[in-house]
Structures are given as C-alpha cells and as structure tokens.
Amino acid sequence: MCGIVGYIGNNAVEEVLLDGLKNLEYRGYDSAGVALNDNGSIDVFRAEGKLNNLYDVLAGVRARVHHSGQGIGHIRWATHGGATLDNAHPHKSNDGKLALVHNGIIENFETLKAQLQQKGYHFFSQTDTETAVHLIDDEYKQCGSLEAAVIRAVNQLKGAFAFCIMHQNEPDKIIAVRKNAPLIVGLGHDENFIASDIPALVGKAEKIIYLDDNELAIVRQNDVTVKNFNGQVISKRAEPLSLEPEAISKRGYKHFMLKEINEQPDIIRGQLALRLPDVNRPVVLEGINPAVLTAGIRRVEIIACGTSLHAAAVARYVMESLCRIPVSVEAASEYIYQPHLTDAQTLVVGISQSGETADTLTALKQARAAGARILALTNREDSSIVRCADMVLPLKAGIEVSVAATKSYTAQLMSLYLLALSIAEAGKTLPAEEILSLKRELLQIPAKLEEILSNSGEIQQCALKFSSFKNFVFMARGVNLASALEGALKLKEISYINANGYAAGELKHGPIALLDEHMPVVAVLIPGSQTYDKMLSNCEEVYARKARLIAVSPVEDLRQKAMFDTVLLIPHCREIFSPLLVNIPLQLLAYYIADNLGREVDQPRNLAKSVTVE
Ligand code: AGP
Numbered sequence: 016m017c018g019i020v021g022y023i024g025n026n027a028v029e030e031v032l033l034d035g036l037k038n039l040e041y042r043g044y045d046s047a048g049v050a051l052n053d054n055g056s057i058d059v060f061r062a063e064g065k066l067n068n069l070y071d072v073l074a075g076v077r078a079r080v081h082h083s084g085q086g087i088g089h090i091r092w093a094t095h096g097g098a099t100l101d102n103a104h105p106h107k108s109n110d111g112k113l114a115l116v117h118n119g120i121i122e123n124f125e126t127l128k129a130q131l132q133q134k135g136y137h138f139f140s141q142t143d144t145e146t147a148v149h150l151i152d153d154e155y156k157q158c159g160s161l162e163a164a165v166i167r168a169v170n171q172l173k174g175a176f177a178f179c180i181m182h183q184n185e186p187d188k189i190i191a192v193r194k195n196a197p198l199i200v201g202l203g204h205d206e207n208f209i210a211s212d213i214p215a216l217v218g219k220a221e222k223i224i225y226l227d228d229n230e231l232a233i234v235r236q237n238d239v240t241v242k243n244f245n246g247q248v249i250s251k252r253a254e255p256l257s258l259e260p261e262a263i264s265k266r267g268y269k270h271f272m273l274k275e276i277n278e279q280p281d282i283i284r285g286q287l288a289l290r291l292p293d294v295n296r297p298v299v300l301e302g303i304n305p306a307v308l309t310a311g312i313r314r315v316e317i318i319a320c321g322t323s324l325h326a327a328a329v330a331r332y333v334m335e336s337l338c339r340i341p342v343s344v345e346a347a348s349e350y351i352y353q354p355h356l357t358d359a360q361t362l363v364v365g366i367s368q369s370g371e372t373a374d375t376l377t378a379l380k381q382a383r384a385a386g387a388r389i390l391a392l393t394n395r396e397d398s399s400i401v402r403c404a405d406m407v408l409p410l411k412a413g414i415e416v417s418v419a420a421t422k423s424y425t426a427q428l429m430s431l432y433l434l435a436l437s438i439a440e441a442g443k444t445l446p447a448e449e450i451l452s453l454k455r456e457l458l459q460i461p462a463k464l465e466e467i468l469s470n471s472g473e474i475q476q477c478a479l480k481f482s483s484f485k486n487f488v489f490m491a492r493g494v495n496l497a498s499a500l501e502g503a504l505k506l507k508e509i510s511y512i513n514a515n516g517y518a519a520g521e522l523k524h525g526p527i528a529l530l531d532e533h534m535p536v537v538a539v540l541i542p543g544s545q546t547y548d549k550m551l552s553n554c555e556e557v558y559a560r561k562a563r564l565i566a567v568s569p570v571e572d573l574r575q576k577a578m579f580d581t582v583l584l585i586p587h588c589r590e591i592f593s594p595l596l597v598n599i600p601l602q603l604l605a606y607y608i609a610d611n612l613g614r615e616v617d618q619p620r621n622l623a624k625s626v627t628v629e
C-alpha cells in the first residue's frame with residue numbers, strides 16, 4: 016500500500032506535502048517524492064528509502080524552490096518494480112509537463128504499455144504507474160483538457176488506483192481519482208488537500224469529502240467538483256474532520272506501538288460502555304440485531320489475514336462454545352482460490368483493521384456472490400470493506416499508526432466476544448445465568464489489562480534477557496493456540512527474529528527436534544483449563560531438551576518450578592477470555608526485544624500497515 020497527497024493553496028506546498036507524507040509513513044517507506052508546480056514548470060524531487068531522505072534532497076534545493084501553490088506527493092511500498100529511485104513516484108510524462116502519484120495496482124498495464132511504446136512513449140521505470148502517466152498524456156495531447164484526458168484514460172485502466180494528477184498547463188487544479196483504493200479530499204480556507212487517509216489531513220483540513228470508487232475530483236484552491244467516470248457531476252456531502260492532532264501523536268511514548276499497547280484498557284472500556292452498558296440487558300451491537308444477523312444461517316465462515324486471522328481463530332472457539340454453530344476460519348488469500356461451501360445459509364465474517372486488505376476484500380466479494388450474508392469488523396468505517404458488507408461492527412480502537420497491530424487485535428477480540436454473547440442470548444444457546452456470569456467477567460477485563468501493563472517492568476527484564484536469541488517457539492493449547500500464533504507473529508514482524516507458534520500437543524510430532532539451549536519456548540498455561548496438566552507435561556518435555564522456558568500464566572507457583580526461566584504473570588480469568596490477557600505480555604515482549612535490538616518498531620522493514628495488493 017502507498018500513501019498519496021495533494022495540495023493547492025497559498026501555504027508552502029512542500030512543507031504541507033512532507034507533513035502529510037510523514038503522517039502516512041505507516042503506509043509504506045520504500046521511497047518518497049513530491050512534484051511541485053513552481054512558476055510554470057513541474058519540479059520532481061524523489062529519494063529512495065525513508066521520507067527523511069527526501070527532506071535531505073529538498074533541503075539541498077529548498078532555497079531554489081519557491082513557495083508555490085500546487086503539488087503532489089507519494090510514499091511507496093513497492094509492488095511493481097524494486098524500491099529504487101527510478102521506480103519512486105511521482106512519475107512524469109516524457110515532455111515533463113504532467114506528473115502523477117498512484118496507490119494501487121493497474122492490472123492491464125503491460126498491454127497498454129506496449130501500445131504506448133508503439134506510439135513512441137519512453138518508459139523509465141518498471142512500475143505499472145508509468146503506464147497511467149503516458150496514457151493520460153497521450154489522451155491530453157488529443158483533447159487538450161486534463162479532466163477529459165483523465166476520464167478517457169481511467170476508463171481504459173483495470174485494477175485499483177488512487178491518483179493525484181497535475182499538469183503545468185493547468186496550474187489551477189489537481190485531479191484526484193479513486194477506484195478500489197482509498198482517497199479523500201480535505202477542504203480548508205482558501206486551500207484544499209487530497210490524501211489517501213485521514214492522518215495526512217489532521218490539523219489542516221476542516222472538512223473532508225470521501226470519494227467513492229469510480230469517482231474523480233477536480234480540486235481547485237477554492238472549489239472541488241466531483242464527477243463519475245462518465246463525466247457527470249456527483250453531489251457529495253462534506254463531513255467534519257473529527258480527528259484531533261493528538262490522535263496521531265506519540266503522546267510521549269517512544270513509539271506508536273507502545274502508545275497503542277497502553278491504550279488498550281480504555282479502548283476495551285469504551286467498547287463495553289457502548290455495548291454492555293447493563294449486564295441485565297442484552298448486548299447492544301450498533302444496529303445489528305443478532306436474530307436478523309443469524310436468521311436462516313446454518314454455518315459461519317470467518318475470513319481474514321495476519322493478526323486479524325488470529326482473532327478469527329479465537330472467534331471460532333468462542334462462537335462454537337457459546338453459540339453452538341459450526342464455524343470455519345480461512346486465510347483470505349486461501350479462500351479466494353479454493354472450493355468452498357459458502358451459500359445463502361452462511362454468515363461470512365470479514366475481519367480487517369484497515370478495511371483495505373486486498374485479499375480480504377476479494378474473498379468477501381466472492382462470498383457475497385455466493386449468496387452469503389456478510390458482517391465486517393473493521394477499525395475504519397470509511398474503508399472499502401464497508402462496501403462489501405451487509406452489516407458492519409466497528410472496532411472503535413482509534414487510528415492505529417504502528418504497522419504492528421496491537422490495540423486493534425484486542426478490540427477485535429472484544430467485539431467478537433460481544434458478538435458471540437449477543438448471538439447466544441438471541442438463540443438462547445446458553446442458560447441466562449451463564450450469560451450473566453460471562454458478561455460480569457468481561458466487565459473486569461479493562462482493570463486486568465491495566466494490572467498487566469503496570470507490571471511491564473518484569474516483561475522488559477525478560478526481553479533484555481532473551482533479545483540475543485535468533486529463534487523462538489510459542490506453544491499453547493485450545494483458545495490460546497491463536498495467542499501463540501499471534502505472539503510469534505508480533506515478535507517476528509518487528510524484531511526480525513524467527514518465531515513460530517505451535518499447538519503444544521503437536522511439538523512432539525516434529526518441531527521438538529528444533530529444541531536446544533538456543534531456542535527459548537514461550538508457553539501459555541491457564542489453570543482450570545482441561546489442558547493445564549498437559550501443558551505442564553509439554554513444558555517438562557521442552558525442559559528436558561534444555562530449551563529455556565518462558566511461561567505466561569496466572570499461576571504464581573510456577574515460579575517455584577526450576578523448569579521455568581521466567582513466569583510472566585497475568586490475572587486470573589476464565590480460559591475462554593484469557594487471550595485478551597495473554598496477548599498483552601506477548602505484545603510487550605515483542606516490543607521490548609525489538610526496541611533492544613534497535614529495530615524500526617513502528618515501520619518494520621518490508622511491511623506496510625495495510626496490504627492493498629493480493
Ligand atoms: C499485524 O501486526 C500485521 N500488521 C498484519 O498481519 C495485519 O494484521 C494483516 O495485514 C491484516 O491487516 P487488516 O487487519 O488491516 O486486514
């Protein structure tokens with residue numbers, strides 16, 4: 016996924032663009048660039064790697080670059096073509112008069128590229144984006160109007176594209192285009208903005224216009240006109256930009272990830288206040304009636320990717336236990352290409368923090384075409400997934416800037432627990448007193464999260480002790496198998512340490528061959544669980560292979576057992592809710608190890624906050 020910005024107004028355009036890109040860095044950081052229309056000619060400045068490198072490039076020429084009123088910018092997560100300077104955006108037409116930035120994938124770019132090369136256009140990159148530049152330029156040379164050229168060109172493109180386009184002959188406008196990739200227009204006083212996502216507009220725009228797919232906006236300093244791809248004017252409502260600058264600041268934390276880990280108690284408190292205001296009343300899920308949601312439904316399929324897929328695995332265990340309905344879980348990238356039984360009696364739940372993950376969107380569109388009822392859980396109520404769903408359950412976790420998902424995962428879990436309780440209440444699949452008891456326990460969760468966070472010093476000590484290891488195993492059983500998988504993902508994606516999660520019972524069937532004194536094992540042990548004793552036996556087997564054991568458990572007595580090098584304590588709670596608590600030490604362990612190793616915690620290499628390509 017990439018981030019694009021545009022600005023037209025009287026402020027110093029390069030400052031506005033760079034600040035916008037800074038707030039979009041979570042979308043990718045392989046290269047960055049801006050195009051400034053300065054006194055009639057378009058200047059393009061690009062840099063490989065992090066945005067700071069572009070600041071350095073501009074610093075060298077800023078004295079030369081006048082404060083002009085029109086510009087576009089880009090921050091890249093490489094898809095077509097490596098993270099090189101040639102492939103950095105913005106890309107320009109051969110005559111240097113047209114510049115464009117792009118987020119998405121143009122699926123038919125090779126065919127169009129060959130046609131354009133036949134016409135004599137020269138390409139200087141391996142990107143799909145450059146095809147769009149020369150196609151628009153070719154149309155412009157025939158019609159002489161940037162708007163008309165863009166409309167003619169976008170009707171020839173297939174795939175996903177959000178563009179900002181400008182031409183030096185038309186310095187009074189920037190054209191923004193949206194198809195299957197997010198793009199919003201920010202309205203200011205005597206200035207207007209374009210961005211891939213809201214954080215780029217915080218503290219700048221006062222109102223925003225969400226473009227929908229197959230729409231373009233002609234953005235002038237004092238006017239915005241939205242049209243469809245047929246050139247017809249569309250009336251759009253401008254909404255107040257409610258996000259405060261504080262929402263995208265670190266608030267004194269070293270990294271966004273640590274800030275977002277520490278926001279979790281309040282986020283869960285907010286969900287419970289909204290959806291479980293009275294334990295003696297049914298769960299309230301913003302406009303979702305559980306009876307309507309499940310009418311005629313015989314099975315549930317949950318589709319997601321990455322961390323969201325781990326939340327799906329917890330949900331399967333919970334929904335089958337509480338709602339007595341068959342649930343299957345599938346990685347979206349697998350669902351798309353395999354036979355499935357999805358039909359009109361299937362409820363498909365799509366889980367996506369960003370709501371823009373291409374695999375998940377494609378899978379949900381397929382499921383909808385098969386007749387399924389679609390429920391989307393997302394943290395971005397303005398995202399594409401909303402348009403793929405019949406009903407939406409927002410996560411209400413606030414903007415999550417760090418690439419590693421933390422607060423959004425916990426918010427997904429809580430939303431899924433409340434969804435399962437709501438369905439169980441409607442379907443009367445549990446005795447009323449059992450449901451009441453479960454609700455009361457959920458209300459205790461925020462305080463228990465705070466208790467764990469207040470003991471983060473122990474976790475930090477553990478991280479210091481284990482930061483030098485090159486491999487980790489995470490093991491658990493039952494509902495916490497998902498916790499083991501998520502804990503391993505968190506560690507590997509921000510520390511680059513090889514970490515893998517296993518069902519503890521599976522270790523003896525092969526993975527145990529990996530174990531020796533160089534392979535720490537993180538084990539989740541929940542008392543009162545039917546597998547607690549089995550987990551203790553698995554820990555004995557691990558200890559016998561000289562592997563260092565880190566336990567995550569409420570059982571303080573484990574500290575007396577020689578086999579445990581460290582015990583990261585969590586408060587007691589029912590096993591079914593324990594992923595909410597187990598997850599916190601594992602997030603912090605990954606964070607402190609990565610920080611000890613000096614990693615780019617908020618922007619790990621090769622990753623982006625949302626993967627908008629399949
Ligand atoms: C999680 O830490 C990762 N950043 C990644 O696995 C992420 O969960 C996955 O790409 C799915 O993203 P989504 O929830 O926005 O769809």
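Numbering (my numbering), first residue to last: 16 to 629.
Ideal Cβ positions, reconstructed from N, Cα and C, are used throughout, including at glycine.
It should be emphasised that the depicted structure is a prediction, and the values quoted were computed from it without experimental measurement.
Got a sec? Which residues, its chain only, sit under 6 angstroms from G516 by beta carbon, not counting five neighbours each side? F489, A499, L500, A503
Quick check on the burial criterion: 16 or more other C-beta atoms within 10 angstroms. Buried or exposed for T322? buried
I need the DSSP call for E254, collapsed to helix, strand or coil. strand
Residues bridged to Q85 by DSSP? I23
State yes or no: is the C-beta of L506 within less than 8 angstroms of the C-beta of L540? no
Whole angstroms are fine: how far does the CA of N553 sit from the CA of E508? 26 angstroms
DSSP beta-bridge partners for I57? N52
Determine, using beta carbons only, whether E63 and A98 come nearer to each other than 8 angstroms. yes
Going by DSSP, which residues form a beta bridge with P409? T393
Collect the residues with a C-beta less than 7 angstroms away from any heavy atom of ligand 1 and give them in sequence order along the chain. A319, C320, G321, T322, S323, I366, S367, Q368, S369, G370, E371, T372, T375, V418, A419, A420, S423, L504, K505, E508, L622, K624, S625, V626
If you draw a straight line from the C-alpha of Q459 to the C-alpha of Y70, how long is it? 47 angstroms
I need the boundaries of the beta strand (DSSP E) containing T444, first residue and last residue. Neither: T444 is in no beta strand (DSSP E) and is coded neither H nor E.
By how many angstroms is the C-alpha of I223 removed from the C-alpha of F208? 9 angstroms
Assign E230 to one of two classes, buried (16 or more other C-beta atoms within 10 Å of its C-beta) or exposed (fewer than that). buried
Beta-carbon gap between Y332 and V567 smaller than 8 angstroms: no
Quick one: what's S46 bridged to in DSSP? E63, R91
Measuring only the C-alpha atoms, how far is A577 from S510? 28 angstroms
For the region 460-468 against the region 278-288, are there 3 or more C-beta pairs whose distance is under 8 angstroms? yes
Taking the alpha-carbon positions, what's the H524 to A478 distance? 29 angstroms
For N486, three-class secondary structure by DSSP: strand
Tell me the DSSP bridge mates of I209? G21, V200
Paired residues, beta bridge with H106 - DSSP: L115
Does the pairing of the region 421-431 with the region 588-605 give three or more beta-carbon distances under 8 angstroms? yes
Below 8 angstroms, how does it come out for the region 242-251 and the region 157-172: are there three or more Cβ pairs, yes or no? yes
Is it the case that the region 46-59 contacts the region 102-113, given that we only count it when at least three CB pairs across the two stretches are under 8 angstroms? yes
Which whole-angstrom value is the C-beta distance of G370 and S398, which I expect to be below 8 angstroms? 3 angstroms
Leaving out the 5 sequence neighbours to the left and right, which residues in its chain are closer than 6 angstroms to G174 when beta-carbon positions are compared? I120, I121, E122
Look at the Cβ atom of F178, then the Cβ atom of A147, and state whether they are nearer than 8 angstroms. yes
F271 - DSSP class collapsed to helix/strand/coil: helix
Which stretch, first to last residue, makes up the beta strand (DSSP E) that contains D580? 579-584
Assigned secondary structure, P588 (DSSP; H/G/I helix, E/B strand, else coil): Correcting the residue type first, residue 588 is Cys in the shown sequence and not Pro. C588: coil per DSSP, three-state reduction.
Would DSSP call H333 helix, strand or coil? Here the sequence assigns Val to residue 333, which means His is not the residue at that position. Of the three classes helix, strand and coil, the one that applies to V333 here is helix, per DSSP.
Sequence-distant residues of the same chain with beta carbon closer than 7 angstroms to T444, five excluded per side: L337, C338, R339
Where DSSP assigns a beta bridge to L287, which residues make up the other side? Answer is none; L287 lacks a bridge partner.
N-terminal and C-terminal residue of the alpha helix (DSSP H) that I151 is part of: 144-158
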